[in-house]
Amino acid sequence: MDATIETHGLTRRFGSTLAIDDLSFRVRPGRVTGFVGPNGAGKTTTLHLILGLAAADAGTALVAGRRYRELSWPLTVVGALLDAGSIHPGRTARDHLLWLAQSNRIAVGRVDEVLRLVGLSSAAGRPTRGFSLGMRQRLGLAAALLGDPPVLILDEPGNGLDPEGIQWMRALLRSLADEGRTVFVSSHLMSELEATADHVIAIGHGRLLADASVDELIASAADFRTELRTPDASGVMALLAADGAIVSATGRDTVIVEGLATGRIVELVSRAGMTLEALTQHGSSLEDAYFRLTRGTLEHDSARLGDLETRS
Amino acid sequence: MSAVLHAEWTKLRTLRGAKLSLLCIFALMVGLGAIVGKLSNADASLAGQGDDDVVQLALFGVLLAQIAAATLGASLITPEYATGMIRATFGATPRRGAVLAAKAIVLTAATLPVALVAAAVAFLVAQPSLRGAGYIAPAYPPVTLADPGAFRAVAGTALLLSAYALLALGIGAIVRHAGATIALTLALLLGPFIAHGLLSPDLRRYFDEASPLAGLSVQSTTGQMLGMFGNNAGPLPIGVWGGLAVSFAWAGAALLIAYALIRKRDA
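Going line by line, the protein sequences match chains U and Z. Numbered according to the numbering used here, the first sequence terminates at residue 502, and the numbering increases by one at each position without gaps. Numbered according to the numbering used here, the second sequence terminates at residue 302, and the numbering increases by one at each position without gaps.
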């Protein structure tokens, strides 16, 4: 089975708000794909559209080549962890997994297997009312794994987990991807994904911002922002601005340079015979790449607001 | 279909609220049957045939048991919306119509036998209580469950309670909120009843024939409806089975609207 997730021109409106705007991407098997964006970017809505919980106004979302609603035993194809509250508090963990297993003709013995896998065996007979958020996340993960599905869709699985739990979650996601499964994990924290994801799909305001490997993203961010210390701040700023960089003074002798590779900065400054006292490269983490991406959407917004003001 | 039925049965079986509601149906039917003699007295001066319907008197607990039935129906769906569990349900079974149908089937499968036993026991415990209140031969010859009228009333009461549970399930799937569901269902069940005395005879007849309450006629063994809230007993407005059909039509209509909505709404 080709266990990819793909969306083609996915679009969804809520009233006059365009929540998902012509979103197309493909999530491939055998790796962990992060799905990032600020709160309100449309991550959860996108996941709901993929899972057939919400209807798209245009476009399609396919899992393993089919629409979710056309899958006869969906839990054996896609395991999903949505908000950890999706459990009736009066039911025991085991009973929650039991009805899920029965709904998709999954062997009942699988229930205790996944409970053991997520470390909830000892709490299996207790109503979930008394569960911590972390325990509910584990139970949600057990539900996702119940049908041994080739595709996993997890919405913010790290929520409520303690540092140990996060480590455990990362290792689990990695091993699931290594088994050849498609692992699609949303998060609003890029740093959380840096250690886990191989590939990142970033969205903002329902639009695709990036669909790239983690290495590519980090590389693109590394060259983007450099902090310089120089006694000749104004001279350096003029020089680099002439080469197309965006420069700004952050102190009497410190300058932030954007849009110019660090190597090029050094070359230009030394050729002009100016002095550099220090040079710090920013944006060497995924977090920075992410800030750069999402700041792009914010700038886009203020530009649009400006348009509106001019027109009115 | 059998997989989703199996799942919905497990959900019902592991829902404490549902079991409590079933217990309440039993307790209210039987409890009120046991004390009915304290609430109604036969006219001791009667010489000939009495005109009270002792079968209907024995089963009047239905008026409170229907509240428990409504709560039961609502409890199968509204907590799923309150907790977000509905997304797990529709994720596991994307054919939402099948989910609603399965809920309706397991709800009936749980309500009908419990209500049947409750109505039968209520009828039995009411007999000594009624005799103590003067319902005795010759005006009131003894009745047993073997009498066709009595048996029909007992079975019909169980069916009626199932219809009310289904009505609440349908309303619950439409409004998706526990409080609103109970309020709306009880307004439909008790509203016509409360308004009864205020209505003109024409309107009253209309309510008797067309409201969810019409099914109460299945309890009648005298061709008359029991007087409610001090109203005089009146002639049966609609056939004994016809009334029950009207109550089921209300439940069916609610479930059909729910089906139409549930298919296109976001979960």
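All C-beta atoms in this analysis are idealised placements derived from N, C-alpha and C, irrespective of residue type, glycine included.
Measure the C-alpha to C-alpha separation of residue i and residue j and round it to an integer number of angstroms.
i      : j      : result
Z:M36  : Z:R131 : 11 Å
U:A274 : Z:Y199 : 33 Å
Z:V141 : U:A479 : 53 Å
Z:P177 : Z:A161 : 12 Å
U:E369 : U:R218 : 13 Å
Z:A154 : U:G269 : 45 Å
U:D211 : U:A392 : 13 Å
Z:L204 : Z:S110 : 8 Å
Z:R122 : Z:E115 : 8 Å
Z:A249 : Z:L196 : 13 Å
U:P353 : Z:I206 : 45 Å
Z:G277 : Z:I102 : 22 Å
Z:L296 : Z:T113 : 15 Å
Z:A218 : Z:F228 : 15 Å
U:A439 : U:D433 : 17 Å
Z:A188 : Z:Q259 : 13 Å
U:A361 : U:A387 : 11 Å
U:M427 : U:L458 : 11 Å
Z:I60  : U:Y258 : 40 Å
U:W263 : U:V298 : 15 Å
U:L366 : U:S293 : 24 Å
U:A244 : U:E406 : 33 Å
U:L254 : U:G337 : Reading off the sequence shown, one finds Ala at residue 254 of chain U, where the question assumed Leu. Taking the straight line joining both Cα atoms gives about 15 Å.
Under a Cβ-count criterion, where at least 16 other Cβ atoms within 10 Å of its own Cβ denotes burial, should residue i be classed as buried or exposed?
i      : result
Z:S282 : buried
U:S376 : buried
Z:G232 : exposed
Z:K299 : exposed
Z:L238 : exposed
U:T250 : exposed
Z:G265 : Residue confidence for Z:G265 is low, a pLDDT of 41 falling below 50, so the modelled location carries little weight; the figure read from the coordinates is stated next. Counting Cβ neighbours within 10 Å, Z:G265 comes out exposed, since fewer than 16 surround it.
U:S206 : exposed
U:I296 : buried
U:G453 : exposed
Z:P163 : exposed
U:G441 : exposed
U:L305 : buried
U:L343 : According to the sequence provided, residue 343 of chain U is Ile. The question's Leu does not apply to it. So U:I343 counts as buried.
Z:R51  : exposed
U:T318 : buried
U:N229 : exposed
What residues from chain Z crowd round residue i, counting only those whose CB sits closer than 8 Å?
i      : result
U:Q292 : A38, H41, A42, T45
U:G198 : Residue 198 of chain U is actually His in this sequence, not Gly. The premise fails here: U:H198 is roughly 20 Å from chain Z at the closest Cβ pair, so nothing lies under 8 Å.
U:I193 : With the sequence shown as reference, residue 193 of chain U is identified as Ala, and Ile is not the correct amino acid for it. Chain Z residues near U:A193: none, gap ~17 Å exceeds 8 Å.
U:R295 : A38
Measuring CB to CB, does residue i end up less than 9 Å from residue j?
i      : j      : result
U:R415 : U:H472 : yes
Z:D88  : Z:T256 : yes
Z:T106 : Z:S56  : yes
U:A314 : U:T282 : yes
Z:A53  : Z:A127 : no
Z:A168 : Z:A302 : no
U:V373 : U:R221 : yes
U:D345 : U:L271 : yes
U:L213 : U:L398 : yes
Z:V275 : Z:S246 : no
Z:L92  : Z:Y170 : yes
Z:P129 : U:G242 : yes
Which chain Z residues sit within Cβ distance under 7 Å of residue i?
i      : result
U:S276 : T118, G119, M120, R122, A123
U:L265 : A127
U:L288 : T45
U:L208 : Going along chain Z, no residue has its Cβ under 7 Å from U:L208, so there is no contact; the nearest lies around 16 Å.
U:L241 : G126
U:Y258 : P129
U:A270 : G126
Assuming residue i contacts residue j under a Cβ cut-off of 8 Å, what Cβ separation, rounded to an integer in Å, is found between them?
i      : j      : result
U:I446 : U:E467 : Between U:E467 and U:I446 the Cβ distance is about 15 Å, and since that is not below 8 Å, they are no contact.
U:I195 : U:V341 : 6 Å
Z:L290 : Z:A139 : 6 Å
Z:A286 : Z:L201 : 4 Å
Z:L165 : Z:V97  : Contact flag wrong, Cβ pair sits at about 16 Å.
U:F215 : U:T197 : 6 Å
U:N349 : U:L323 : 7 Å
Z:A145 : Z:A208 : The pair is not a contact, with the Cβ atoms about 17 Å apart (cut-off 8 Å).
Please compile the residues from chain Z whose C-beta is within a distance smaller than 9 Å of the C-beta of residue i.
i      : result
U:G280 : T49, L50, R51, G52, P114
U:H378 : Neighbours of U:H378 on chain Z: none; closest Cβ ~19 Å, over 9 Å.
U:D273 : G119, R122
Closer than 8 Å: is that where the CB of residue i sits relative to any heavy atom of the ligand HEM?
i      : result
Z:H231 : This structure simply doesn't include the ligand HEM, nor any ligand for that matter.
List the residues of chain U whose Cβ lies closer than 8 Å to the Cβ of residue i, in chain order.
i      : result
Z:L302 : The residue you asked about is not Leu; residue 302 of chain Z is Ala in the sequence shown. Under the 8 Å cutoff, chain U gives H238, L243, A244.
Anything in chain U within Cβ reach of residue i, meaning under 9 Å, just list it in chain order.
i      : result
Z:K299 : A245
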